[in-house]
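Numbering (the working numbering), first residue to last: 4 to 257.
Take a look at the structure below.
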């Protein structure tokens, strides 16, 4: 299949099963939570996760964070929840009620989003939180960290699995290009919402995205693959450190 055709091919149920396989084991009837922004990546992930979970007698919970940073965001969150409900997917809107800082709004919003998502997982008793970061997101992260002079750990970018106190964060789409997620939605007859902040060049990530678009798809693929390789090296180093601690460290009660 030509490269262009493969990049516009929907993600199949079998492919998604393979993408989730490295995160096993799951429960017999798995419950999954999905962080949903309403954009194409997270909506596609929600549909794929829903089909995967239903096939195993499980369920998913779509968690929609309303940051309240734009006047339209409450209505957009309600629209996304309604569309998912029409597909039989339970959705919960999580409003951010914290004080907005004068600067660093994106970082504050990200921290608030993670706190809200993890609290909702704890309340629902769901230990798996799926996030929709995809190949371009990973490449942007590597690009930004290279510019900042990050070392090998930083260049590993976003980890596929992050263990948190009440759940684990899973990123099954890190090797999947956005074009395939959009194709997945089109094949399902589902629409999505475009956040205007994704084109606001005030933000460094948007500028990085524009730079990478100009560099072409091969550059994006190389950056994402480099992050994967660096991530594997980081995992091996952590495993060696854990084994060393197990052999050499003793813990004694006070």
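Even glycine gets a Cβ: it sits at the ideal position worked out from N, Cα and C.
Because the structure is a prediction, the values reported are computed rather than measured.
Counting along the chain, residue 145 sits inside the alpha helix (DSSP H) bounded by residues 138-150. The beta carbon of residue 56 lies closer than 8 Å to those of 33, 34, 35, 62 and 63 in the same chain, with the five residues before and after it left out. Counting only residues of its own chain and dropping the five nearest sequence neighbours on each side, residue 191 has a CB closer than 6 Å to the CB of 50.
By alpha-carbon distance to residue 94, the top candidate from 146, 120, 158 and 11 is 120. The region 67-81 and the region 138-155 do not touch, with fewer than 3 CB-CB distances between them shorter than 8 Å.
Shortest Cα-Cα distance from residue 133 to any of 124, 141 and 139 involves 124.
With a 10 Å radius around the Cβ and a threshold of 16 neighbouring Cβ atoms, residue 128 comes out exposed. The beta carbon of residue 60 sits closer than 7 Å to the beta carbons of 32 from its chain, once the five residues preceding and following it are set aside; these are given in chain order.
Rounded to the nearest whole angstrom, the CA to CA distance from residue 135 to residue 40 is 9 Å. About 6 Å separates the CB atoms of residue 16 and residue 54; that is less than 8 Å, so the two are in contact.
Non-local C-beta neighbours of residue 170 in its own chain, meaning closer than 8 Å and more than five positions away in sequence, comprise 36, 121, 124, 125, 129, 130, 131 and 132, ordered along the chain.
Per DSSP, reduced to three states, the secondary structure at residue 69 is strand. Taking residue 174 as the centre and dropping the five residues before and after it, the same chain places the C-beta of 134, 136, 161 and 163 closer than 7 Å to its C-beta, in chain order. Beta-bridge partners of residue 36 (DSSP): 64 and 132. Beta-bridge pairing by DSSP links residue 98 to 69.
Ranked by Cα distance from residue 109, the options 100, 12 and 207 are led by 207. Unbroken alpha helix (DSSP H) stretches of 4 residues or longer found wholly inside the region 168-195: 181-191, given in chain order. Here residue 11 is exposed: its Cβ has fewer than 16 other Cβ atoms, across all protein chains shown, within 10 Å.
Residue pairing by DSSP places residue 14 opposite no residue, since no beta bridge is assigned to it. Each of 172, 90 and 43 was checked against the Cα of residue 196, and the nearest Cα belongs to 43. Residue 98 and residue 252 have their C-alpha atoms roughly 45 Å apart.
Sequence-distant partners of residue 22 (beyond 5 residues in either direction) whose C-beta falls short of 6 Å from its own C-beta, in its chain, are 175.
As DSSP reads the structure, residue 79 sits in no beta bridge. Around the Cβ of residue 139, a 10 Å sphere holds 16 or more other Cβ atoms; the residue is buried. Beta-bridge pairing by DSSP links residue 165 to 172.
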